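From first to last, the protein sequence lines stand for chains A and D.
For the first sequence, the numbering used here assigns the number 1 to the initial residue and increments by one for each residue that follows.
For the second sequence, the numbering used here assigns the number 91 to the initial residue and increments by one for each residue that follows.
Where a beta carbon is used, it is the ideal one built from N, C-alpha and C, also for glycine.
Just so you know, these numbers come straight off a predicted model, no measurement behind them.
What follows is a set of notes on a single structure, which appears directly below.
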Amino acid sequence: MEKKLETVMDELIARPGVVGCVFADHQGLCLGVTGKASDDSAGIIHAIAEEAARLEPKSKPPVILLENDNRSCIITTTGTVTGAIFKSIN
Amino acid sequence: MGCCYSFFCKDENSSQAGDVNERTHLLIDPVSNNVNIQRDSEDILSRNSSILPKKTDEQSALTRILQETAANVIDVAALGTHNLQQHDYLERMKLYNIRVQQIMNNSRQKFNRKGNCILQDIPNPERVLGSDPIAAEDLNLIISAVAGASAAISDIKVDHKEDLVVPFGLLNS
Numbered sequence: 001m002e003k004k005l006e007t008v009m010d011e012l013i014a015r016p017g018v019v020g021c022v023f024a025d026h027q028g029l030c031l032g033v034t035g036k037a038s039d040d041s042a043g044i045i046h047a048i049a050e051e052a053a054r055l056e057p058k059s060k061p062p063v064i065l066l067e068n069d070n071r072s073c074i075i076t077t078t079g080t081v082t083g084a085i086f087k088s089i090n
Numbered sequence: 091m092g093c094c095y096s097f098f099c100k101d102e103n104s105s106q107a108g109d110v111n112e113r114t115h116l117l118i119d120p121v122s123n124n125v126n127i128q129r130d131s132e133d134i135l136s137r138n139s140s141i142l143p144k145k146t147d148e149q150s151a152l153t154r155i156l157q158e159t160a161a162n163v164i165d166v167a168a169l170g171t172h173n174l175q176q177h178d179y180l181e182r183m184k185l186y187n188i189r190v191q192q193i194m195n196n197s198r199q200k201f202n203r204k205g206n207c208i209l210q211d212i213p214n215p216e217r218v219l220g221s222d223p224i225a226a227e228d229l230n231l232i233i234s235a236v237a238g239a240s241a242a243i244s245d246i247k248v249d250h251k252e253d254l255v256v257p258f259g260l261l262n263s
């Protein structure tokens, strides 16, 4: 049933530098989580994407990059699905 | 009674020029001559008293009016006397600065205690704002990943293996 999503997440986590990923639906509910990521963050990630999209409502959904010294978090929305990828910075 | 009599006989009084006769006023009181005409019958009783108390009544009435008016008037020019002196300004400035510092410290501690604030002030914003935007590799990665996830989720179907409607409790009957 959700095998395709699991396949997508497994492929993601196998990429170099990726330590985790989260997917949320249009209400911020967690659809799937892998690696070093919490399903609690799904709602926050969805809210961040939604707020950023309100800056330019006519543009396509933005890609948001949150970064600190050793981690980065990339967020974007396609259709009703919001995804976040956590990467470690070497 | 003399005053009262002179009031009622005023029309016949032709001795204003200075001739002294029996109708001449003993005491010349322009206030009682001019104002008393407009007084009502209640005041006629009080006219029996001497002229001096009447004068004080007029004065006290005028004083009362003056006081009432003064109480209702805001004297802007007089407010200048309540201005703060220079050292008062300085003292208040110090006091307010101390209060602001206290409040700032308290709120800062609150934010630090919570620890769930994602966005914070940074000392050198130029360094962050001037940093490279997202790498093309990461951009492609996230776009393809979320597109793949979206496609995968739209493919989700419920494949039920049992009947959705079950005859519940019919077997026992």
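Among the residues facing chain D, residue 4 of chain A is included, as its CB has a counterpart in that chain under 8 Å away. For residue 198 of chain D, the three-state secondary structure derived from DSSP is helix.
Cβ proximity to chain D below 8 Å picks out nothing from the segment 33-47 of chain A.
One finds 224, 229, 232, 233 in chain D with Cβ atoms closer than 8 Å to the Cβ of residue 63 of chain A, taken in chain order.
Counting only residues of its own chain and dropping the five nearest sequence neighbours on each side, residue 35 of chain A has a CB closer than 6 Å to the CB of 13, 19, 20.
When the alpha-carbon of residue 76 of chain A is set against those of D:244, D:111, D:199, D:236, the nearest one is in D:236. Counting every other CB atom within 10 Å of its CB across the protein chains shown gives residue 145 of chain D a total below 16, marking it as exposed.
Distance from the Cα of residue 29 of chain A is smallest, within the candidate group A:46, A:16, A:7, for A:46. Going by beta carbons, residue 246 of chain D and residue 9 of chain A fall outside the 8 Å limit. About 5 Å separates the beta carbon of residue 24 of chain A from that of residue 82 of chain A, a gap short enough to meet the 8 Å contact definition. Rounded to whole angstroms, the separation of the alpha carbons of residue 257 of chain D and residue 251 of chain D is 16 Å. Around the Cβ of residue 188 of chain D, a 10 Å sphere holds fewer than 16 other Cβ atoms; the residue is exposed. For residue 31 of chain A, the number of other beta carbons within 10 angstroms of its own is at least 16, and it is reported as buried. DSSP, reduced to helix, strand and coil, places residue 72 of chain A within a strand of the structure shown. Under the three-state reduction of DSSP, residue 146 of chain D is assigned to helix.
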